[in-house]
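Please read the structure below before turning to the comments.
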Amino acid sequence: MGVRELIYVHAGFGERAVPYPAGWELQRRTHARRAADELPDTVLLLEHEPVYTAGKRTGALDRPFTDPGAPVIDVDRGGKITWHGPGQLTGYPIVKLPDPIDVLDYVHRLEEMMMQVCAEFGLQTVRVEGRSGLWVPGTPDRKIGSIGVRVSRGVTMHGFMLNCDCDMSWFDRIVPCGISDAGSTSLTRELGRQVTVAETVPLVERHLAKALGAAETFHRTRAQIDPAGRPR
1 MGVRELIYVH
11 AGFGERAVPY
21 PAGWELQRRT
31 HARRAADELP
41 DTVLLLEHEP
51 VYTAGKRTGA
61 LDRPFTDPGA
71 PVIDVDRGGK
81 ITWHGPGQLT
91 GYPIVKLPDP
101 IDVLDYVHRL
111 EEMMMQVCAE
121 FGLQTVRVEG
131 RSGLWVPGTP
141 DRKIGSIGVR
151 VSRGVTMHGF
161 MLNCDCDMSW
171 FDRIVPCGIS
181 DAGSTSLTRE
191 LGRQVTVAET
201 VPLVERHLAK
211 ALGAAETFHR
221 TRAQIDPAGR
231 PR
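Counting with the UniProt record's numbering, you get residues 1 to 232 for the letters of the sequence shown.
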(Lines of atoms letter the chains of each structure in order from A; the text may use other names.)
(Lines give C-alpha, C1' and ligand atoms only; values in the text may rest on other atoms or scores of the structure.)
Protein backbone atom coordinates (compact mmCIF):
# COMPACT_ATOMS: atom_id res chain seq x y z
CA MET A 1 0.00 0.00 0.00
CA GLY A 2 1.30 3.45 -0.85
CA VAL A 3 -0.27 6.92 -0.79
CA ARG A 4 1.07 9.94 -2.62
CA GLU A 5 0.40 12.42 0.15
CA LEU A 6 -1.12 12.36 3.60
CA ILE A 7 -2.71 15.31 5.39
CA TYR A 8 -2.77 15.50 9.19
CA VAL A 9 -5.45 17.58 10.91
CA HIS A 10 -5.28 18.32 14.64
CA ALA A 11 -9.01 18.49 15.23
CA GLY A 12 -9.07 19.18 18.98
CA PHE A 13 -7.07 18.34 22.11
CA GLY A 14 -7.24 19.10 25.83
CA GLU A 15 -9.72 21.87 26.59
CA ARG A 16 -10.81 21.71 22.94
CA ALA A 17 -11.58 17.97 23.06
CA VAL A 18 -14.18 17.04 20.45
CA PRO A 19 -17.69 15.83 21.39
CA TYR A 20 -18.28 12.51 19.62
CA PRO A 21 -21.25 13.69 17.49
CA ALA A 22 -19.19 16.63 16.18
CA GLY A 23 -16.29 14.31 15.45
CA TRP A 24 -18.59 11.93 13.61
CA GLU A 25 -19.95 14.74 11.42
CA LEU A 26 -16.39 15.87 10.65
CA GLN A 27 -15.51 12.30 9.67
CA ARG A 28 -18.60 12.00 7.51
CA ARG A 29 -17.92 15.22 5.60
CA THR A 30 -14.23 14.43 5.17
CA HIS A 31 -15.08 10.93 3.94
CA ALA A 32 -17.49 12.32 1.35
CA ARG A 33 -14.85 14.74 0.06
CA ARG A 34 -12.18 12.01 -0.08
CA ALA A 35 -14.52 9.62 -1.91
CA ALA A 36 -15.17 12.40 -4.45
CA ASP A 37 -11.41 13.02 -4.80
CA GLU A 38 -11.81 16.55 -3.44
CA LEU A 39 -9.23 15.82 -0.73
CA PRO A 40 -6.13 13.65 -0.53
CA ASP A 41 -5.87 10.98 2.15
CA THR A 42 -6.49 12.69 5.48
CA VAL A 43 -5.97 11.73 9.13
CA LEU A 44 -7.99 13.42 11.88
CA LEU A 45 -6.14 13.38 15.21
CA LEU A 46 -7.97 14.38 18.39
CA GLU A 47 -9.14 13.69 21.90
CA HIS A 48 -12.83 13.15 22.55
CA GLU A 49 -14.91 14.27 25.47
CA PRO A 50 -15.73 11.14 27.55
CA VAL A 51 -17.97 8.77 25.56
CA TYR A 52 -18.61 5.08 25.06
CA THR A 53 -19.06 3.91 21.47
CA ALA A 54 -20.69 0.57 20.71
CA GLY A 55 -19.77 -1.15 17.44
CA LYS A 56 -22.00 -3.48 15.47
CA ARG A 57 -21.10 -6.60 17.48
CA THR A 58 -21.72 -5.12 20.93
CA GLY A 59 -23.86 -7.40 23.10
CA ALA A 60 -26.17 -6.35 25.92
CA LEU A 61 -23.79 -7.72 28.55
CA ASP A 62 -20.87 -5.72 27.12
CA ARG A 63 -22.55 -2.38 27.84
CA PRO A 64 -22.05 -0.35 31.06
CA PHE A 65 -23.32 -2.24 34.08
CA THR A 66 -23.34 0.82 36.35
CA ASP A 67 -24.09 4.49 35.71
CA PRO A 68 -21.80 5.04 32.72
CA GLY A 69 -21.06 8.66 33.57
CA ALA A 70 -20.79 9.42 29.85
CA PRO A 71 -22.98 9.02 26.74
CA VAL A 72 -23.22 5.59 25.09
CA ILE A 73 -23.46 5.94 21.29
CA ASP A 74 -24.08 3.15 18.78
CA VAL A 75 -21.78 3.47 15.76
CA ASP A 76 -21.40 1.80 12.37
CA ARG A 77 -17.86 0.48 12.75
CA GLY A 78 -16.86 -3.11 13.39
CA GLY A 79 -16.02 -4.41 16.84
CA LYS A 80 -17.73 -3.98 20.19
CA ILE A 81 -17.84 -1.32 22.90
CA THR A 82 -14.96 0.91 23.94
CA TRP A 83 -14.33 4.23 25.65
CA HIS A 84 -12.88 7.46 24.26
CA GLY A 85 -11.86 10.50 26.25
CA PRO A 86 -9.15 12.77 27.63
CA GLY A 87 -5.68 11.26 27.66
CA GLN A 88 -6.44 8.92 24.77
CA LEU A 89 -5.15 9.74 21.29
CA THR A 90 -7.81 8.96 18.71
CA GLY A 91 -6.98 8.83 15.02
CA TYR A 92 -9.38 8.65 12.10
CA PRO A 93 -7.47 7.89 8.88
CA ILE A 94 -9.74 8.65 5.93
CA VAL A 95 -7.80 7.02 3.13
CA LYS A 96 -8.66 5.42 -0.19
CA LEU A 97 -7.60 1.76 -0.17
CA PRO A 98 -6.08 0.23 -3.30
CA ASP A 99 -7.91 -2.45 -5.26
CA PRO A 100 -8.42 -5.22 -4.41
CA ILE A 101 -9.44 -3.85 -1.00
CA ASP A 102 -7.74 -5.72 1.84
CA VAL A 103 -9.16 -4.56 5.17
CA LEU A 104 -7.08 -7.03 7.19
CA ASP A 105 -3.87 -5.66 5.69
CA TYR A 106 -4.98 -2.12 6.57
CA VAL A 107 -5.74 -3.13 10.18
CA HIS A 108 -2.32 -4.78 10.46
CA ARG A 109 -0.70 -1.54 9.29
CA LEU A 110 -2.47 0.41 12.04
CA GLU A 111 -1.35 -2.19 14.59
CA GLU A 112 2.23 -1.97 13.34
CA MET A 113 2.16 1.81 13.62
CA MET A 114 1.05 1.68 17.27
CA MET A 115 3.59 -1.05 17.99
CA GLN A 116 6.41 1.15 16.69
CA VAL A 117 5.17 4.14 18.70
CA CYS A 118 5.17 2.08 21.90
CA ALA A 119 8.65 0.75 21.08
CA GLU A 120 9.97 4.32 20.90
CA PHE A 121 8.80 4.77 24.48
CA GLY A 122 10.59 1.54 25.44
CA LEU A 123 7.43 -0.54 25.78
CA GLN A 124 7.17 -4.00 24.20
CA THR A 125 3.75 -4.76 22.72
CA VAL A 126 2.36 -7.68 20.75
CA ARG A 127 -0.52 -8.81 18.61
CA VAL A 128 -2.78 -11.47 20.12
CA GLU A 129 -4.12 -14.08 17.73
CA GLY A 130 -7.84 -13.71 17.16
CA ARG A 131 -7.98 -10.28 18.80
CA SER A 132 -7.47 -6.94 17.07
CA GLY A 133 -5.59 -4.07 18.58
CA LEU A 134 -2.33 -3.85 20.48
CA TRP A 135 -1.46 -5.65 23.70
CA VAL A 136 1.07 -5.57 26.51
CA PRO A 137 1.85 -9.24 27.23
CA GLY A 138 1.26 -10.55 30.73
CA THR A 139 -1.17 -12.40 32.97
CA PRO A 140 -3.60 -11.20 31.90
CA ASP A 141 -2.69 -9.47 28.64
CA ARG A 142 -3.50 -5.76 28.75
CA LYS A 143 -4.92 -3.84 25.82
CA ILE A 144 -3.26 -0.49 25.15
CA GLY A 145 -4.51 0.26 21.62
CA SER A 146 -7.81 -0.43 19.88
CA ILE A 147 -8.86 -0.50 16.24
CA GLY A 148 -12.31 -0.34 14.68
CA VAL A 149 -12.80 0.50 11.02
CA ARG A 150 -15.39 0.76 8.31
CA VAL A 151 -14.81 0.96 4.55
CA SER A 152 -17.38 2.69 2.34
CA ARG A 153 -16.90 3.56 -1.34
CA GLY A 154 -13.36 2.24 -0.97
CA VAL A 155 -12.49 4.83 1.70
CA THR A 156 -11.82 4.10 5.37
CA MET A 157 -13.55 5.62 8.40
CA HIS A 158 -13.13 5.34 12.17
CA GLY A 159 -9.65 4.11 13.09
CA PHE A 160 -7.43 3.67 16.14
CA MET A 161 -7.21 4.69 19.77
CA LEU A 162 -4.00 4.66 21.83
CA ASN A 163 -4.24 5.02 25.61
CA CYS A 164 -1.62 7.57 26.66
CA ASP A 165 -2.53 9.12 30.01
CA CYS A 166 -6.23 8.41 30.50
CA ASP A 167 -8.26 7.60 33.61
CA MET A 168 -8.44 3.81 33.34
CA SER A 169 -11.44 3.57 35.68
CA TRP A 170 -13.68 4.36 32.68
CA PHE A 171 -12.93 0.88 31.35
CA ASP A 172 -14.10 -0.75 34.60
CA ARG A 173 -17.75 -0.01 33.73
CA ILE A 174 -17.78 -2.05 30.49
CA VAL A 175 -16.39 -5.23 28.98
CA PRO A 176 -13.93 -3.45 26.66
CA CYS A 177 -14.16 -4.78 23.11
CA GLY A 178 -16.23 -7.65 24.51
CA ILE A 179 -13.12 -9.30 26.04
CA SER A 180 -13.66 -10.31 29.67
CA ASP A 181 -10.41 -12.23 30.29
CA ALA A 182 -7.98 -9.36 29.67
CA GLY A 183 -7.25 -5.93 31.07
CA SER A 184 -6.81 -2.39 29.77
CA THR A 185 -3.76 -0.21 30.27
CA SER A 186 -2.01 2.98 29.16
CA LEU A 187 1.48 4.20 28.35
CA THR A 188 1.56 6.11 31.63
CA ARG A 189 0.57 3.07 33.67
CA GLU A 190 3.05 0.75 31.98
CA LEU A 191 6.03 3.12 31.99
CA GLY A 192 5.53 4.59 35.44
CA ARG A 193 5.71 8.16 34.17
CA GLN A 194 3.28 10.52 32.52
CA VAL A 195 3.12 10.07 28.75
CA THR A 196 0.92 12.78 27.28
CA VAL A 197 -1.08 12.85 24.09
CA ALA A 198 0.99 15.86 22.99
CA GLU A 199 4.28 13.95 23.07
CA THR A 200 2.70 10.92 21.37
CA VAL A 201 1.23 12.77 18.37
CA PRO A 202 4.52 13.34 16.46
CA LEU A 203 5.46 9.67 16.81
CA VAL A 204 2.06 8.55 15.55
CA GLU A 205 2.33 10.89 12.57
CA ARG A 206 5.77 9.61 11.62
CA HIS A 207 5.01 5.91 11.99
CA LEU A 208 1.56 6.13 10.38
CA ALA A 209 3.04 7.79 7.30
CA LYS A 210 5.57 4.96 7.10
CA ALA A 211 2.92 2.26 7.63
CA LEU A 212 0.74 3.68 4.85
CA GLY A 213 3.68 4.31 2.52
CA ALA A 214 3.06 8.06 2.26
CA ALA A 215 5.49 9.89 0.00
CA GLU A 216 4.76 13.30 1.57
CA THR A 217 2.92 14.57 4.64
CA PHE A 218 1.36 17.96 5.34
CA HIS A 219 -0.56 19.64 8.15
CA ARG A 220 -3.81 21.47 7.54
CA THR A 221 -6.29 23.14 9.88
CA ARG A 222 -9.77 21.82 10.45
CA ALA A 223 -11.21 24.85 8.63
CA GLN A 224 -9.02 24.20 5.59
CA ILE A 225 -10.27 20.66 5.04
CA ASP A 226 -13.85 21.20 6.28
CA PRO A 227 -15.22 24.53 5.02
CA ALA A 228 -18.78 23.25 5.48
CA GLY A 229 -18.13 22.93 9.21
CA ARG A 230 -17.28 26.59 9.77
CA PRO A 231 -19.65 28.48 12.09
CA ARG A 232 -22.13 30.61 10.20
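Built from N, CA and C at the ideal position, the CB exists for glycine as well.
Does DSSP put Asp172 in a helix, a strand or coil? DSSP places Asp172 in helix when its eight states are reduced to three.
Glu47 by DSSP, collapsed to three states: which one? Residue state, collapsed to three classes: coil.
Residues of its chain near Thr42, where Cβ-Cβ distance is below 7 Å and the 5 sequence neighbours each way are ignored: Ile7, Val9, Thr30, Arg34, Ile94, Ile225, listed in sequence order.
Rounded separation between His108 and Gly133 - CA only: Cα to Cα, His108 sits roughly 9 Å from Gly133.
Just confirm the distance between the C-beta atoms of Ile144 and Thr185, as a whole number of angstroms; I'd bet it's less than 8 Å. Right, the Cβ-Cβ distance comes to about 5 Å (below 8 Å), so this counts as a contact.
Taking the beta carbon of Arg142 as the centre, do at least 16 other beta carbons fall within 10 Å, making it buried, or is it exposed? Around the C-beta of Arg142, 16 or more other C-beta atoms lie within 10 Å, and the residue is accordingly described as buried.
Look at Gly85 and Pro50 and say whether their C-beta atoms are less than 8 Å apart. Their beta carbons are under 8 Å apart, which means Gly85 touches Pro50 by this criterion.
Residue span of the alpha helix (DSSP H) that contains Glu112, given as start and end: Going by DSSP, Glu112 is part of the alpha helix (DSSP H) stretching over 103-120.
Keeping to the same chain, check which residues put their C-beta closer than 7 Å to that of Val72; ignore five residues upstream and five downstream. Hits under 7 Å: Tyr52, Ala54, Arg63, Pro64.
Under 6 Å Cβ to Cβ from Cys118, same chain only, skipping five residues before and after it: list those, please. So the qualifying residues of the chain are Thr125.
By the 10 Å Cβ neighbour count, where 16 or more other Cβ atoms means buried, how is Ser169 classified, buried or exposed? With fewer than 16 other CB atoms across the displayed protein chains lying within 10 angstroms of its CB, Ser169 is exposed.
Using DSSP bridges, identify the partner residues of Gln88. According to DSSP, Gln88 shares a beta bridge with Asn163.
Based on the DSSP output, what are the partners of His158 in its beta bridges? According to DSSP, His158 bridges with Val149.
From what residue to what residue does the beta strand (DSSP E) around Arg131 run? Unbroken beta strand (DSSP E) run through Arg131: 131-136.
Quick check on Lys210: does DSSP put it in helix, strand or coil? Three-state DSSP puts Lys210 in a helix.
In or out: Asp165 buried (at least 16 other Cβ within 10 Å) or exposed? Within 10 angstroms of the beta-carbon of Asp165 lie 16 or more other beta-carbons, which makes it buried.
Quick one, are the C-beta atoms of Glu111 and Arg127 less than 8 Å apart? Annotated as proximal: Glu111 and Arg127, with beta-carbon spacing under 8 Å.
With distances taken from CA atoms, which of Arg16, Ala17, Tyr92 is nearest Thr156? Selected option, being the one with the closest Cα: Tyr92.
Selection from Ala209, Val136, Ile174, Thr90 that minimises the alpha carbon distance to Pro19: The residue from Ala209, Val136, Ile174, Thr90 with its alpha-carbon nearest to that of Pro19 is Thr90.
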